[in-house]
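In the UniProt record's numbering, the protein residues as written are 1 to 353.
Below: the structure, in structure tokens.
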């Protein structure tokens, strides 16, 4: 099966969908509202299943070369005592592939480089996805958590949900020996090495929706985390105002279908999840490859779309539910010894690969 496809959104999932659909014989256009691909951004963990998707797209080796293997991490209490260890070596033994760390700009550049130049159209926002159906046989919504393609397909029946958390994130010029998270009472702080002299950091605090923003993010972060174990204070001291991103965490009410008449959703447009399992970009990559595979194997477009929905909706919604549960666990305010025991059991079961 082939035809003309338009992908709305030129992020990780959209670029991957463009590559996969072209390989399946489709004529593809990818529309991205931004005028350029980002040059800065935090790191992403590429889990084995997502790396297999990148291999299918032909860019896996480049991502391995430009990324780095994730070392094991430790989850601690604010005083530095250990709660649990993340055994990434066991994951590699089980799946034959480690978790690779790569920055979002590097991943996007690798994906964009696998597309012929005319395919990706920058500075091309879409406000009416319905109008695209006159020119294309297939519309793919890869336009993120506030997807206009999803709104055209489902209206406002499945809204975004506030997760009860405010998060900050960024990159600092500080080198840390190992990554991991520190879990306090209703708050957590995470660190991931990003290369020599660079570290990704993030912080999350339980807050109700619409909670007033602090007047000074640096001062607020120091108030919340400044007395935690090293190297958290050193990371906070290195923060600059322009290097801090703050946002309220939301996820998507589960959809009854990822497809409609000549339309498919993938990535955050289909299953926006909280970042607690680090699976958002990974699942978008797997979605893209699965969509192309299902369309290639089907006799017609409706059958291919139904097959894609069957393959991807339940697994991604299970992962999204797991991420929401993990976020609630990490933000617990009471029964912290029970929380810590549950965490150890969850890590022993293993994360999604």
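We put the CB at the ideal spot given by N, CA and C, even for glycine.
Bear in mind the structure is a predicted one, so any value in this text is a computation, not a measurement.
- For the region 274-337, the continuous alpha helix (DSSP H) assignments of 4+ residues that do not extend past its boundaries occur at 280-297, 301-330, in sequence order.
- Using a Cβ distance threshold of 7 Å, residue 5 and residue 292 do not count as a contacting pair.
- Restricting attention to 73, 185, 287, the CA atom closest to the CA of residue 228 is found in 185.
- Rounded to the nearest whole angstrom, the C-alpha separation of residue 26 and residue 3 is 5 Å.
- Judged by DSSP secondary structure, residue 62 falls within the alpha helix (DSSP H) whose first and last residues are 60-66.
- For residue 232, the uninterrupted alpha helix (DSSP H) segment begins and ends at 232-237.
- Excluding five sequence positions before and after residue 69, the CB atoms of its chain that fall closer than 7 Å to its own CB belong to 98, 100, given in chain order.
- Cβ-Cβ distances below 6 Å link residue 108 to 37 in the same chain, with the five nearest sequence neighbours on each side left out; the list follows chain order.
- In the three-state reduction of the DSSP assignment, residue 252 falls in the strand class.
- Cβ neighbours of residue 232 within its own chain (closer than 7 Å, five residues either side excluded): 182, 189, 225.
- Taking the C-beta atoms as reference points, residue 111 is found nearer than 7 Å to residue 15.
- Taking all protein chains shown into account, residue 234 has fewer than 16 neighbouring C-beta atoms within 10 Å of its C-beta and is therefore exposed.
- Comparing C-alpha distances from residue 173 to each of 196, 156, 152 shows the shortest one belongs to 196.
- Taking C-beta separations shorter than 7 Å and ignoring five residues to either side along the sequence, the partners of residue 245 in its chain run 168, 169, 170, following chain order.
- By a beta-carbon distance limit of 8 Å, residue 274 contacts residue 327. Their separation comes to about 5 Å.
- In chain order, 255 place their CB closer than 7 Å to the CB of residue 154, counting only its own chain and leaving out the 5 sequence neighbours on each side.
- The beta carbon of residue 53 sits closer than 6 Å to the beta carbons of 285, 286, 289 from its chain, once the five residues preceding and following it are set aside; these are given in chain order.
- DSSP links residue 5 through a beta bridge to 28, 138.
- By DSSP's assignment, residue 162 forms a beta bridge with 250.
- Look at residue 16 here: in three-state DSSP terms it is helix.
- Taking a 10 Å sphere around the C-beta of residue 80, we find fewer than 16 other C-beta atoms and assign the residue as exposed.
- Residue 125 is not a Cβ neighbour of residue 149, given a cutoff of 7 Å.
- Counted as a single uninterrupted DSSP element, the beta strand (DSSP E) harbouring residue 102 occupies residues 100-103.
- Secondary structure note for residue 57: its alpha helix (DSSP H) is the uninterrupted segment 48-57.
- The Cβ-Cβ distance between residue 8 and residue 18 does not fall below 7 Å.
- Between residue 343 and residue 138, the beta carbon gap of about 42 Å keeps them out of contact (Cβ cut-off 8 Å).
- Membership of residue 266 in any beta strand (DSSP E) is not indicated, and neither H nor E is assigned to it by DSSP.
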